[in-house]
Structures are given as C-alpha cells and as structure tokens.
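Below: the structure, in structure tokens.
There are 4 protein chains.
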Amino acid sequence: MKALVVYPPNKGVEVKEIDSIGQSISGEEALIKTIANGICGTDRGIVSGLLKFSRPPEGKNNLVLGHENLGQVIDKGPNVQGLSKGDYVVSIVRRGCGKCSNCLAGRQDFCETGEFVEAGIRGLDGFMREFYIDNASYLVRIPNEIVDIAVLLEPLSNVVKAYNELMLTQKRMIWWCKDGSYDCRNVVVVGSGPIGLLFSLIFSVQGFNTFVLNKRDPFPIESEIIEKINAKFINATKDQLPNVIDMLIDTSGYPPAFIPLMDKLNKNSAVILFGTTGGEKFEVNADLITYLVENNVLLFGSVNASKKDFEEGVNYLTIWKYRYPNVLNKMITRVVKPEEAPEVLYAKPRGEIKTIISWV
Amino acid sequence: MKALVVYPPNKGVEVKEIDSIGQSISGEEALIKTIANGICGTDRGIVSGLLKFSRPPEGKNNLVLGHENLGQVIDKGPNVQGLSKGDYVVSIVRRGCGKCSNCLAGRQDFCETGEFVEAGIRGLDGFMREFYIDNASYLVRIPNEIVDIAVLLEPLSNVVKAYNELMLTQKRMIWWCKDGSYDCRNVVVVGSGPIGLLFSLIFSVQGFNTFVLNKRDPFPIESEIIEKINAKFINATKDQLPNVIDMLIDTSGYPPAFIPLMDKLNKNSAVILFGTTGGEKFEVNADLITYLVENNVLLFGSVNASKKDFEEGVNYLTIWKYRYPNVLNKMITRVVKPEEAPEVLYAKPRGEIKTIISWV
Amino acid sequence: MKALVVYPPNKGVEVKEIDSIGQSISGEEALIKTIANGICGTDRGIVSGLLKFSRPPEGKNNLVLGHENLGQVIDKGPNVQGLSKGDYVVSIVRRGCGKCSNCLAGRQDFCETGEFVEAGIRGLDGFMREFYIDNASYLVRIPNEIVDIAVLLEPLSNVVKAYNELMLTQKRMIWWCKDGSYDCRNVVVVGSGPIGLLFSLIFSVQGFNTFVLNKRDPFPIESEIIEKINAKFINATKDQLPNVIDMLIDTSGYPPAFIPLMDKLNKNSAVILFGTTGGEKFEVNADLITYLVENNVLLFGSVNASKKDFEEGVNYLTIWKYRYPNVLNKMITRVVKPEEAPEVLYAKPRGEIKTIISWV
Amino acid sequence: MKALVVYPPNKGVEVKEIDSIGQSISGEEALIKTIANGICGTDRGIVSGLLKFSRPPEGKNNLVLGHENLGQVIDKGPNVQGLSKGDYVVSIVRRGCGKCSNCLAGRQDFCETGEFVEAGIRGLDGFMREFYIDNASYLVRIPNEIVDIAVLLEPLSNVVKAYNELMLTQKRMIWWCKDGSYDCRNVVVVGSGPIGLLFSLIFSVQGFNTFVLNKRDPFPIESEIIEKINAKFINATKDQLPNVIDMLIDTSGYPPAFIPLMDKLNKNSAVILFGTTGGEKFEVNADLITYLVENNVLLFGSVNASKKDFEEGVNYLTIWKYRYPNVLNKMITRVVKPEEAPEVLYAKPRGEIKTIISWV
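Chains as they are written, first to last, in the UniProt record's numbering: chain A, 1 to 360; chain B, 1 to 360; chain C, 1 to 360; chain D, 1 to 360.
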C-alpha cells in the first residue's frame, strides 16, 4: 500500500509502496482505513531533518510519517467493544513506556521515563498510509456530526490538556470572577496558527475575553474566523494590548514574542508555554523574576494529551461547529492528495492554517 | 402585566394581572421579555403548599412563581456589557447573601448563611410573568443554536454542578480507566425524569456506561431518548443491573429506591444525592456503613448551581442537540399557555418529561 | 521463634514456636526485630472468628497475627537506601495487587481489584513475632524523638489518610473561615477510643474546635487527654452538642450513634465514616436525604493508608508529643508480654485506650 | 514608647520615641507587647531606600519598621476568643483590600487589587516597637514549646504557602514515587540564607532528597545545620549536582544562579521562584522554552502567606525543633537590642543567618 515515508534523522520524504499489513488482527485490535491526515510543524521538522528526536521504529531504517489522523474501522477483533465497522476514529499518538506510574495509569502524556513512542514521530510508524492496525484502546470514536472536521482532533487534544491543567493549577486561589464566571479574564494567545486558533476557541466558549496576537495584520481568513469566535486580533506592531493579561498562551516558542508581554500579567495570572522553536534568544532580567514572585504568576509548559483529552476534544468540536458555523472547516485551508503531500511537507503554503492529506 | 402568582406557605396559584415593571432600568440592568418557563417538582410543591421553605419577598404576601426560565433582552442599561438587545438569556435563580465567602465569590450555590433568595421560590419574585428586570451579572447569554431548548438550562445547571463536584472529589484517587478514559465506569441513574435524563446525557458524552433505572417499563419517549444517547433503561423490578456500580445518582429522593443498590457499589465509587422527597423511610444497618468504609465510598448531596455551571450547561446543550438529534426537544413533552399553567401546576400530566409555559 | 498465631476463619489465638526466618535477605530487604505491637478491634475480631475476611497466607492454615507494629532494623540487603542498622521502623500493612492503577502507583489503600494482602489480617503473616523480613519500600523510618510512641503510627496513618481526603474533597467550595483559618469550624468525633482520640488530635492541631462524643462520662484518663488537647468531651446522654457541626467523624460504626446527629450538620459540612461494626440498624428517612441534598453535605468512608500517610503521621506524632506532653504515652494504657497477649486479645481490658505487646 | 522608624521612599532608620498607643482597645482587639523581631532583606531594602514600594501609612510621613514578629498578649477586648493574657502570638503581615474575592475570603496573599497594606512595609506601621494593638483575627497563637524560635514563623509562613501551592499544582499528574512517598525526588534549593534553610527543612521532613546550593563553601554553622537536617550542601562552583532535579527552588532572585540549572529539570518537575533582587540579567533561549514544553515543567512565583500557612508553620516549627535539635535556634546567629538595630539594618553582619532584635 501507499505511504509517506521519512528517514530521520536524515531529511526527505517520499510516497512509497510499502508492505500491506497482514490479514490477521488480534482480539483487541481494529483495522483502520485512513481518511485524512493533518500536516503540522512537527511533520515538516522531520522532513527537513531538523527535528532531532525523530527516529524510525527499532530495527527499521525508515518511518511512516503522520500523527494527525482520521480513519474508519474496516474490521475489528472479537474483543473490541464500543466500536463498530464503519465507525470513524482518531488514534492517539503517544504510547506509554509501560513502566512509570503515569503511563501505567493511561497518562502517557506525563511519561517520566521518556521511553514512550509516538506514531509518525519517534519509534512507531505513523498514519500517513492507506491502512493501519491499532489496539482499540488507543482509538477514539468520532460521532457523525463532526467527521468532516475530526482531523483537527489530534492537535486539539493537546490544547485541551493544557486548558485542563490550567484550570487545575489555578485552583491555588479564587481565580474566577465575582459573578462566578470567567467573563472578567483577558486571555492573550500569541500566534494565529491552528494551535493559536484552537486555544482561542477553547477560551472563547468558556467565557474568557480572548485576544489573538501576531506581528502582522491578519489574513482575511484569520480575520473572519477570529471575528466569528468573538475574539480580537491584535497586530503586535501597532495595536493596543488589553491593559492586563490574566492568561498568556505562547504558541510561537519564540521568546521575543511573549516575554516582553509578561509585564502586563495580572496578579495571580498564568502563562502556558506550548510553542517549540529553535535558535531565538531573549534577555531575562531579575526585575521580571521579581515580578513573577510578587504577583504569584504561574507558568507551565505542556505537551501531548491523554485519551480523555481527545474525548473532551470531540465535545469541543461539536460545540464549535454549531456555535461558530464556517470556522472549523475554513481552518482547513488546503486539501492535497498523498502524491502531492511531499510538496507541502517541504514548504508551508502561504496563508496556510491547516493543510490536509485526503486518502479517499 | 400577566403573572403566575402563588401564596406560600398557602396552596394555590392563579394567573393574575400585576403591576407593570417601571420604565427605568439602572446602568447594570436589563429588561427581559419572558419567552418560556419550565415547570418542575419545586413549582408544584409550592403550589400545593407542601414546600415549607417557600416564601414571598419581604413585605409582600404573594410571590411570582417560576425559576426555570428563558427570556429575551428588550432593553439594557448603559453599563451592561456582553449583551445586546435581542439576545436570548437565562437568569440564574439564587442570589447570594452578600456575607459569606462563597456568596462574595459568586458561589452562592454554596451559601453558608442560608440568607440567599431564590427567584420564584423564596424571597424573590420569579420568572413566570411577561417581563422582568434583572442585573446583567445574573444573566447567561444563550447562543442562537440552542434557543429552542435553552429553557432546559436551569435544571441542567444543577446537574453540571453535581458532575463537576464529582470530578473534583474523585481526584482523591486514580479513578479513570487504564486507557485514561472513563469507558470502564458504570453509572446508574435512579429516576428517568428530566433530571435523570440530563444526568444520563452528561455521563454519556463523557464516555461512561450509563444506565437509567426506574421501577416500571419505560414510556415510549423514554425508550427512544435513552437508546439514542447510548444509555440503557433498567426496570428495577425485573431487569438485571450491571455487576458493579461505579457511580450511583439518585434523582428520586426516595431511600428505598437507591439504598438497596448500594451493595453493588464498586471500590472507590461515589453516590450523588440529588432528589428531595418527603416521608419515605428505609432501614440502614451497620453492614452498609462498614461497606462504605471498607470500599472508600464517597457520597454527597448537591443543590443549586453557579453562573459558571450555567455557562457550561450552554455548551452541553449544544453538544447534545447535535450529537443526539431529536432528544432534547422531545424532552419537552408539552407546551401550555400561561392561562393553562395552573392546571399542569396542580397535577403533573401523565407521561410528562418536561412541561413548558410559552409566553410568546 | 515465638509468634502469636491465629486460624481464621476459626477462632482462637496461641503463642507458638514457629520456624525461624531464613538467614538470607535479598538486596532490597531488611531483617526487623519486633519491638512492639498494638492491639485493636480488628485483631480481636480475628481472634474471635467474627471477622470473616481474615485468612491465612495461601497454602498455609494459620496466620501470624498483628498489623500495628514497631521494629528495629537488624540487618539489611545491599540495595537498601535511607535505612541503617539500628533504625526504628514501622511497616505498612497493605501490599498492593500489582494490577490496578492505584496499586501500581503506590496507593494500595485505594486498591480496586481487592486482590491486596494485609499483614496480620488477610493473606500475609503479621508482625506479632520476634523477627520478620520485609522489603524496605514498605518500611517507614521512625525518628528518635518518637520511638516511645511510634507503635501508634499504624492506626494514625489511617486517620491521616481520612483527614487528607477530607481536605481535598472540601475544596469543592470555600470552606475555610473568613480569617483563612479553620478556627470557626466545629468537629464532632463520635467515639473516644484510640481512633477517636487520634482524629481529635489531628483536628485540634489544625485549629478546629473539637468535640469528642461518647454515651457515657469520660474515664479519668480520657478527661485528662481531651482537656490537654483543647478538645471537649460530650456525654451524648446529657451534654449539649455544639449548635452546628461542620465535620462529623464516626469511629463507632454504630448507626444510632451518629445518624441522629446529622440534623445538626452545617451547610457544606462533611462526614467521615471510619468505624466498622456488625449488626446494628437505624431507620433513615427521606427528610435526612433531602437535608443532605439541600445543604451540600459530603460523606465518605475511608480505610487504610498509603506510605505517605505514614510519613505524615510521623510528623504529627512529633508535634503532639511536644505540644501535648503526657498525652500520647498515656494513651498506651497497658503493656503486656507476648505470653500475656492471648488474654487481652480475647477480652478488652476495662478502661483500655491502647494495649501494647512488648517484645523487648 | 520606643520604635524603629523609617522614612520611605527615603533612606534611613532611627530609634525614636513615638506616641504611646491609646489605652482603650476595642472588643476584637488585643494589646501586644513585642518580644522580638527578625530582620530580613526587605527591612534592609526599606532602610537603604531601594525598596520602591515601601510607603508610610496614609497621612503619615514615617513608618514603624518590622514585619517579622513575636509578641505577648498583655490585654484583650471582651470579644477576643481563643487567646488569653500571657499568650505568645505572631501577627500576620498583610491585611487585605476588603474588595477582591481572595481578600474577602481571608486569602490576602492572593490579593488581586494590590490595595492591601503590609505591616512595616507599606501603608501600615510595623512591629519594631514596644507595644502595638491588633485585631485578634490577625494573631496566631504560639504554643509554649516553640516560643524560643517563633520569631522565625513569619518568614516560614511564606515558605509554607509556596510548598502547599506546589503540592496542589503537582496534582496535574502522578508525581509521588512508586512506593507512595517522595523519597525518589531531588530538590535543589538555590541559596542558603534563612529562606533557603526553611525550604530545605520543609522538604526534608516530607521525605525529599534535599540539596542546598550556594556559589561558595558553607559557613561552619551552615554545614552543621544542613548535615543535621539530612540535606547536602553543594558549592555550585565545584560540586556535583544530582543528575536530575525534580524541584528547583530559587531563593536568590538572581537569574544566573538558577536558570543554568534548568536543563537538569526532570520531566514533570517544578520550579518555585521566591527570591527578589534587582539588576541582574540572563539570556534565555528558545531551547530552554522548548525544554519546558517538552517536559511539562511548571514554574511559579510565590509571595506572602495566609493565616492558615502561619498555623501550619507553627506545626513545622515543633517538628523541626525536636527532630533536629540545635538547628532552629542556631539559625538565630545574633541578637541585638533595639538601640543596636540600626547598625545591623544598614549592613548585614558577616555570617548572618538571622539577626533578631530582642525587646525584653
């Protein structure tokens, strides 16, 4: 069958004919036909050879690329419950180490040994291929109403995890507003890419005042989306920020983009670090440290997601689809065939929010 | 204007012409045109004179009935933000005492002084009238897609609070399943009325295996709804319960209905008490107490909801409307005019899930 | 060597010469010389043959009794860290199933399979013998200053667990007082046995107003202890209870002793069930259920403890020893030799708080 | 009466005769005779005129210095409960704004308006004077056994708050060790001043492996203390750090001292920022940000404490005094009379851990 194959740590990607998966699936497994994959910065980092932690499965010299996924159950083992043939599913990406308490408890997003594998990224073949077999415990069923946008679920799951972590950690004080809601809180999301928009969506439907920041004017599609979700676009080079920031989300990984905003952080505020980029620097001085101390500011980096986060993501997709018509589908700015994927994997199309590979 | 007026602690209800509300609204207020009210057991308890804590506002000898509500903003004061004329809104019911820490922090559902008032129930006129004025901080905006079912939001808000409290209190151990989801957990909801169905819905979309229990066969509409939401109806007089119960929700308030089920409670399980009824008894023996101890069982009563719970309820309504088409709307089994309301307030129509008074 | 041996589910206990433990201890193990054991109701339940879940280790027809323990490290394997020969230690009692997430994460007190074993109770020989070998991961080091009272640590650990669970679950609202302390909260502990006194101690040093209730006048030693810890003894048959109860702790397992007090429970209050007894009954009516609902009352049963709870118990013992001189040591009302133990295991000595078997 | 008076924002401190406090104390107040004050960097910052946020009470041009305190109740109003004449007390420092939810709930350490006052620091006279009157709700009773070291309670309270916040926020995953304890966790405390030592003490008695880091060899008194508390001193210029750091505490406020250690942070680790200093810089690069993201690292600044934290601090002092004899008292490296205080307020004595002003 056809697959998109990479050779980490070397660069390159090719559409290649690989061995068909075997016929037999075990009791707990399902055979999945791939419907679509999303492409993200991690995929391009692997293709360019820059993402140093990417590696093939043990004993192989190449890797099937792809972690953002949507598929359909074609067949299933006799012990698979809660799934039927024809059901749409999304596979979770990280598979636990089987050793640390978090992995043993299904929270491999907090794996402590680092011995996990991630489909399409490190140590496990990914989902950019016609078919794959997976243990049903890694599959999240997609309800009918969101099949058209469910390819966004995997990136969303990571956003859900970070949001849930925020809500837990902010229980260190009374953080909600006087009326019991979050209507008084300003959230600034640095970056207007797919992750930035998903963060904006999640805060918006929870009642936060949401601002999306970039260092340029918005593309028309960004303007349209951000307006529809009741958020506000801010061009950092000329527009006014809100007076205080209660929550700062960095999706850029670029220190000069978010550290300078930290002097607007409110007392009791929080910062989520979500972006990962290489090479940029920024000078931190002791005044900033004092500011974080004096104002009880919390900051955390967040990566990956658990199956529960995927399941909650399913619910968010349904809310957003009907609350904000023509937002999620418009985030898919381009659909390509597998054969066309290498081109968009080497270079991000201008104006892209999310490019999708369609297998059907 | 027209209103449904009661005389607690005496019985009776009448449609009555009451004084129009004044013209002037203050800066933070909105003028609301009532669209619909739901009728629940509390309303009937007041009308029958059995609900002893019901009372008119201070200095009045009658009370405008009605706490389940949906209205539309007709006018608003200059300081009202986040609401526009024409917006649909639901008012929260309980207004805090202004003294205890919970009320001062917008969590009047945990008022400790007991000096709160509740619209249509105790000390504050309710929403069964053509118009009313309310401070905007008590108003929850209803997005367009769920206006048709938003009259269910007030009862739902209480269910959301109880669910959130459960999720917090069960953090006392690792309670999720091995795959990080709740797919391995069995929830039994005692009672198939509107509250029972709303609990079933909330557990269903979170991935729990949900069972709805009553002591009779389901009405056809109940069968239809319960099947659509992937739950299972259990006739307690003849059907088999699941082997273990991880979560038991009582919406009946009737001890003989749920206490006998408690010997099926799993280790680390929880029980939510939500129903309030008078007069029934059940003998508890020391073996049950020992069972609760030995199995780390948690149980809590839950009442009322905060504004945040209403806001989350809005999101659940959107999910359910599109996940389970023709469920929420079918829960509204009857719509009556205000003039017809006394009849359904005196006696519950047979087969009723939720009866609504429509003012438009 | 000498040991106290029982034959569950049959009654009886005898001092018996059993095989010496082997010479060789593995890398992670320590050889412990028993210093003392406490005797509690569970021991007497096993001796009397009434405690039905007690059982010998697999393949044996008898069981070494004893779970409350204090010992001294005589020898240790090469991989044991953080312990030296001569160190005093207390062994934790329950050993996890090795399967469920809680046991895999060291929280066997929340074991979900029920396949755990408990030293001296079910499936594992206990500590009423001259020597035993244990894996060092089950040993809690006892600092010098509390060696004289450390035999109380095992029962205390269970109290610590329950207290910690309470503090977590009460985060469902703002439960502390207006000044940030717990000085405004009334705790009523039902039962003045060792567990009742340990609960009183833990609440007292956290600032709660603590009341210890029994259905009789206090013994002189109880009066002395309760006064010293700033608590108040209440004879339920004649003394006045506090007007409201914020926290009710039952250590009796006897429904008629605590259920009638529940109508004094404050809004947002909590009940801990800790006692386990057989045979008594009490009639619960729907009004009580309604009361629990309307007042957001939480209740939980609590059993066993994790190693962390033991470690926190160590700290409590140090506080109490120096805060309340002559309290903990006076709780040890009798010390017997192993040969005398059967007598006090068959029948509780009058006026006993805690009877100890001394092996040195 | 005598007092130490400062003139913020100008530099200088003098021993001055000020007006006696009035005779009459209101119902909820107590008259306190000062026993001792501790001196910390904040005091010296005010004296030097460098601490810009320091200010006199409204309408005054000077400020009585002093926030670390210990006093004795000389008289009390009729409504004061839980305190007797002769009781030793410590006053909490910050007084809430009376407006925000946190202050209204007694959590002024999380004040959101910034309109709080702090005794001896900003807007409220401090405790370096012979007598003062305070509302009893701000007083923490000191049990007899720790009167000699209770002047350490105020700085300790801030450490307790930070520790509690850590334990709450780390509930985002399973963070304890496989045996349920924290024995597998390495804590590195940057700075060996009084705050660094108090942090080391709190982590040590909770079972963490604790390392105290400075950029020099320890003073003899530091060596002695750190060895007694089972911690390990690390001279950052030559000694080896532990391989992984699970918890990094900065008490220096000096970015070059702790940021370079962050590449040793374990997965799921946390960083507490506690130090506040001016002027130093350090370059942060995107790799560090990526590291925080990929490893789920959490970081928070922490300031001030609630009354509950003071009360828990009381308990820690008792534990430490008897667990580690001759540690806490040796932390008080110098005791001066009020007349000698200006000298030590202008310049920190060499080898100081904590200098105390004694008023008796």
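All residues carry an ideal CB built from backbone N, CA and C; glycine is no exception.
Approximately 28 Å separates the beta-carbon atoms of C:V244 and C:I319; this is outside 8 Å, ruling out the contact. The beta carbon of C:E130 sits closer than 8 Å to the beta carbons of M1, K2, A3, K33, T34, W359 from its chain, once the five residues preceding and following it are set aside; these are given in chain order. In this structure B:V159 is in contact with B:I195, their Cβ atoms being roughly 6 Å apart against a cut-off of 8 Å.
Scanning C:V47, C:S223, C:Y182 for the CA closest to the CA of C:S192 turns up C:S223. The Cβ-Cβ distance between D:N285 and D:S269 does not fall below 8 Å. Judged by beta-carbon spacing, B:V303 lies beyond the 8 Å limit of B:D43, meaning their Cβ atoms are not closer than that value.
Contacts between D:A119 and chain B, judged by CB atoms closer than 8 Å, are missing: the closest CB pair is about 23 Å apart. When the Cα atoms are used, B:G45 and B:R216 turn out to be separated by approximately 24 Å. Each of D:P349, D:M173, D:L317 was checked against the Cα of D:L201, and the nearest Cα belongs to D:L317. Taking C-alpha positions only, B:A36 is separated from B:R141 by approximately 15 Å.
For A:V159, not one C-beta of chain D is nearer than 8 Å to its own C-beta. Under the three-state reduction of DSSP output, A:G301 falls in the strand class. Contact check for C:M173 against B:R107 passes: the beta carbons are separated by less than 8 Å.
Of the residues D:T290, D:N61, D:T210, D:F274, the one whose Cα lies closest to the Cα of A:K281 is D:T290. For B:V327, the closest C-alpha among the options B:V335, B:T276, B:R334, B:I221 is that of B:I221. DSSP lists C:K33 as the bridge partner or partners of C:F131.
Per DSSP, the beta-bridge partners of D:A270 are D:M247, D:L298. Of the other Cβ atoms in all chains shown, fewer than 16 fall within 10 Å of the Cβ of B:K238; this residue is therefore exposed. In this structure D:D179 is buried. Its beta-carbon is surrounded by 16 or more other beta-carbon atoms within 10 angstroms. In terms of CA proximity to A:P143, B:Y322 leads the group B:S137, B:Q240, B:Y322, B:F211. In the pairwise beta carbon analysis, the segment 163-177 of chain C is classified as not touching the segment 325-343 of chain C: fewer than three pairs are separated by under 8 Å.
Residue state for D:R141 is assigned as strand, using DSSP reduced to three classes.
In the three-state reduction of the DSSP assignment, B:L241 falls in the coil class. Chain-order list of chain C residues neighbouring B:S101: I174, K178, by C-beta distance under 7 Å. Within the same chain, and ignoring the five residues on either side of D:A236 in sequence, the residues whose Cβ sits closer than 7 Å to its Cβ are L213, N214, K215. Under DSSP, A:N285 shares a beta bridge with D:K281.
In summary, D:C184 is exposed, with fewer than 16 beta-carbon neighbours lying within 10 Å of its beta-carbon over all protein chains present. At a Cβ-Cβ threshold of 8 Å, B:K171 and B:D309 do not count as neighbours. Looking from the CA of B:F233, the closest CA among B:I225, B:T251, B:F211, B:L241 belongs to B:F211.
Under the Cβ distance rule, B:N296 does not count among the residues neighbouring chain A, no pair being separated by less than 8 Å.
Chain B places a beta carbon closer than 8 Å to that of D:L104, counting this residue as a contact. When A:N62, A:C40, A:V89 are compared, the shortest CA-CA separation from A:I74 is found for A:V89. Distance from the CA of C:V47 to the CA of B:I226, rounded to the nearest whole angstrom, comes to 51 Å. The Cβ-Cβ distance between B:N186 and B:P256 does not fall below 8 Å. Not a single C-beta of chain D is nearer than 8 Å to the C-beta of B:K76. Separation of A:L261 and D:I272 (C-alpha to C-alpha, rounded to the nearest whole angstrom) is 21 Å.
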